[in-house]
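Engineer: Those letters in the sequence shown? Residues -25 to -1, 1 to 513, by mature numbering (1 follows the signal peptide of the UniProt record, and there is no 0).
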Amino acid sequence: MMSSVTNNIIVSIIFGLSWIAEGSGDRINYVTSAEEKMNLLQKDRELIIVLDSYATELNDKIIMLKRIVKELKEPLEKAKNREEEYLSHPINRLSLMRQMHEDWEPLEELLKQPVGQEKLAVIEKTREELPVESDLVEANQALFRIVHTYDLEPKDVSTGLVDGVQYSGKMSAGDCFTMGTFSFKAGSYPIASKWLSAAEDLLVDQPRRYHEVIGVTKADVTLLLARSLIASGNVSIAREMLIRDSMFGQAGNALVLHFLRNTPQPSIDLESCEPGESFNQLCRSVSRRHASESKPSRLHCRYNATTTPFLRLAPLRMEELSLDPYVVLYHNVLSDPEIEKLQLMSEPFLERAKVFRVEKGSDEIGASRAADGAWLPHQETEPEDLEVLNRIGRRIGDITGLSTRSGRQMQLLKYGFGGHFTPHFDYFDSKTLYLEKVGDRIATVLFYLNNVEHGGATVFPSINLAVPTQKGSALFWHNLDGQSYDYDTRTFHGACPLISGTKLVMTRWIYELDQMLLMPAVLPPRSRNFSRSLRNQN
């Protein structure tokens, strides 16, 4: 499984999420686009080559200067302890006078001559295309989310051990310090302490001069670790650590008092996308391959040949996951050529996925979801691609037995490192011009387009159900209760953070007013206040 994992997971950790180029509206996608991800790695290689070339030019100049120094020192060595005799010789006197008058001016010019200016220009230009502060914060948040959701130890993650899988990459002291700083700003002081302790240990093993240049010093780590410990209530441990440190000594007592008087205030809000412990537990159970609970005996697998007449000729393999609410998984629904076609037709149109905000009545990018998305068919979709989408659309009708007249577009989502979707409802429970025409989302079909290497399961916390990805399968459930047609709050679901690889899914929503010839179309009074209060709690 790990054969396709990158040799260095830290590249994913630091640059794992998509970013927006500073001063530009064009989004550069380094997480889900294989081409752009390789471009970022290539930029890293090129910058290192430029830096190495710059160091070579500096070294060449140093070698030249050392040779000149050697030539200049040679007559001084001859005159050592016999200076008067040496200078009594007219040639030596002439040589000294000439050297002092003529040689030092060109040497001064040589010293002033800049080295590697074209290399510095290349670095300066390339830096304009590199991730900015907000991108690093987003990447920090992705790793923070993974550590929190899967209940991981920062020290293990720093060595490349992530949720029981040993990756080849390891984090540096700078990486751990960045994660400690982020956790501190988020108000997660115990986690910050663990990251900073890992950074402190790594500083011992890594060159001091390197970190002094890069900007991470032992004093930086120690002071922030002390603040984190004090904010966590471990005052005595922080005091002992500071006093024992030769840089602070007895001044550690004063520092502790200062930190106690100046309580830190979190500047990064993570509560808005906090999924809840039941969600986290289900993600852990799937990742660690433990069944969350045994399935009731009434659930079984069978061939569905009755939903539509066509299924009598080509029945579908169906696995019941829940009867109330109704959730089933259809296997081998999409073929490999169809999946490949979907990927190719969506790739040019991928952009940061948005979430519909009921209170605003519009879509916006939010922390609750980290993925790229494309709507299919797109206005530029080719006719031959439309036929593939129409064929899949007919298959959705066979799977569900429902009419799919409205909302023909399907949303393809591509998740990268740390990509997730916090638990949510697929129904809107709101009024818009479009929903008044078609009704709310009565059902959802979620296609899995690939097998995920690590993480990324779909979980339903209210019914204790976790569904790992399975290429070619389709997950189907009703968002409205089959009897009352009220909103079924038990369909609250989300996507676990992705640890490794890429996750590809495609979603098709089915609307209730399309079903007026198949089932009662009277819209019942719905418990809007209840569903909204539940949504706000999560």
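Glycine included, every Cβ here is placed at the ideal spot set by N, Cα and C.
Count the other C-beta atoms from every protein chain shown that fall within 10 angstroms of the C-beta of Phe505, then say buried if there are 16 or more, exposed otherwise.
Structural biologist: Model confidence at Phe505 stands at a pLDDT of 40, short of 50, so the residue's coordinates are unreliable; what they give is reported in the following sentence. Counting Cβ neighbours within 10 Å, Phe505 comes out exposed, since fewer than 16 surround it.
Engineer: Once the 5 residues before and after Asp489 are set aside, which same chain residues still bring their CB inside 6 angstroms of it?
Structural biologist: Correct list, in chain order: Ser378, Arg380 and Ser381.
Engineer: Quick one, which of Thr238, Asn237, Arg236 and Asp195 has its alpha-carbon nearest Leu217's?
Structural biologist: Nearest of Thr238, Asn237, Arg236 and Asp195 to Leu217, Cα basis: Asp195.
Engineer: By a C-beta neighbour count over all protein chains shown, 10 Å radius and 16 as the cutoff for buried, is Asn454 buried or exposed?
Structural biologist: Counting Cβ neighbours within 10 Å, Asn454 comes out buried, since at least 16 surround it.
Engineer: Which first and last residues belong to the alpha helix (DSSP H) in which Pro165 is found?
Structural biologist: From DSSP, the alpha helix (DSSP H) with Pro165 extends over Tyr164 to Asp180.
Engineer: Checking the sheet assignment: what are the DSSP bridge partners for Asp347?
Structural biologist: Bridge partners of Asp347: Arg327 and Lys389.
Engineer: Would you kindly work out how many angstroms separate the C-alpha atoms of Thr466 and Leu136, rounded to a whole number?
Structural biologist: For Thr466 and Leu136, the distance between alpha carbons rounds to 34 angstroms.
Engineer: In terms of residue numbering, what span does the alpha helix (DSSP H) encompassing Tyr278 cover?
Structural biologist: Looking at the DSSP string, Tyr278 is not in any alpha helix (DSSP H); the run it does join, the beta strand (DSSP E), is Cys276 to Asn279.
Engineer: Among the candidates Leu257, Leu245, Ala206 and Tyr29, whose CA atom is the shortest distance from the CA of Ser437?
Structural biologist: Considering only alpha carbons, the answer is Leu257.
Engineer: If I follow the unbroken alpha helix (DSSP H) through Arg370, where does it start and stop?
Structural biologist: It spans Pro358 to Thr375 - the alpha helix (DSSP H) in which Arg370 sits, taken as one unbroken run.
Engineer: Output the distance between the C-alpha atoms of Lys53 and Leu198, rounded to the nearest integer angstrom.
Structural biologist: One C-alpha to the other measures close to 55 angstroms.
Engineer: When you compare the CB positions of Tyr301 and Glu294, do they come within less than 9 angstroms of one another, or not?
Structural biologist: No, Cβ-Cβ distance for Tyr301 and Glu294 is not below 9 angstroms.
Engineer: Would Lys389 and Gly447 qualify as a contact pair, given that the criterion is a beta-carbon distance under 9 angstroms?
Structural biologist: It is not a contact, given that the beta carbons lie outside the stated cut-off.
Engineer: For the region 397 to 455, list the beta strand (DSSP E) runs that are entirely contained and at least 3 residues long, ordered along the chain.
Structural biologist: For the region 397 to 455, whole beta strand (DSSP E) runs of length 3 or above, ordered along the chain, are 416 to 423, 433 to 435, 440 to 442 and 449 to 453.
Engineer: With a 10 Å radius around its C-beta and 16 neighbouring C-beta atoms as the bar for buried, classify Ala487 as buried or exposed.
Structural biologist: In the sequence as displayed, the identity of residue 487 is Glu instead of Ala. Result: buried.
Engineer: For Ala328, which residues in the same chain have their Cβ closer than 7 angstroms to its Cβ, ignoring the five residues on either side in sequence?
Structural biologist: Cβ neighbours of Ala328 beyond the five flanking positions: Arg344, Ala346, Asp347, Gly348 and Leu388.
Engineer: Assuming the contact rule is C-beta atoms closer than 8 angstroms, Ser172 and Ile166 should be a hit. Round their C-beta distance to whole Å, please.
Structural biologist: So it is not a contact: roughly 11 angstroms between Cβ atoms.
Engineer: Would Lys145 pass as a contact of Asp176 if the rule is Cβ separation under 9 angstroms?
Structural biologist: Not closer than 9 angstroms, so no.
Engineer: Can you tell me which of the three DSSP states Glu104 falls into?
Structural biologist: Coil, per DSSP.
Engineer: To the nearest angstrom, how far is it from the Cα of Asn237 to the Cα of Asp244?
Structural biologist: Computed Cα separation, rounded: 20 angstroms.
Engineer: Starting from the C-beta of Asp126, find all residues in its chain whose C-beta is less than 8 angstroms away, skip the five residues before and the five after it, and write them out in chain order.
Structural biologist: Contacts found: Asn255 and Arg259.
Engineer: Report the partner residues of Glu295 according to the DSSP bridge assignment.
Structural biologist: DSSP, once it has assigned bridges, lists Val303 as partnering Glu295.
Engineer: Measure from the alpha carbon of Lys193 to the alpha carbon of each residue in Asn67, Val363 and Asp220, then state which is nearest.
Structural biologist: Lys193 has its Cα closest to that of Asp220, out of Asn67, Val363 and Asp220.
Engineer: Assign Gln458 to one of three DSSP states: helix, strand, or coil.
Structural biologist: Coil, per DSSP.
Engineer: Select from Thr283, Val363, Asn279 and Val308 the residue whose C-alpha is nearest the C-alpha of Leu317.
Structural biologist: Measuring from the Cα of Leu317, the nearest candidate turns out to be Val363.
Engineer: Given a cut-off of 9 angstroms on the beta-carbon distance, is the pair Ala418 and Trp484 in contact?
Structural biologist: Cβ distance < 9 angstroms, so Ala418 and Trp484 count as in contact.
Engineer: Would a C-beta distance cut-off of 9 angstroms place Val231 and Val210 closer than the cut-off?
Structural biologist: Yes, the pair counts as a contact, with Cβ atoms nearer than the cut-off.
Engineer: Cβ of residue 515 within 9 angstroms of Cβ of Ile43?
Structural biologist: Coverage of the chain is limited to positions -25 through 513, which leaves residue 515 absent and any answer about it impossible.
Engineer: Between the C-alpha atoms of Asp27 and Leu178, what's the straight-line distance to the nearest angstrom?
Structural biologist: Cα-Cα distance, rounded: 24 angstroms.
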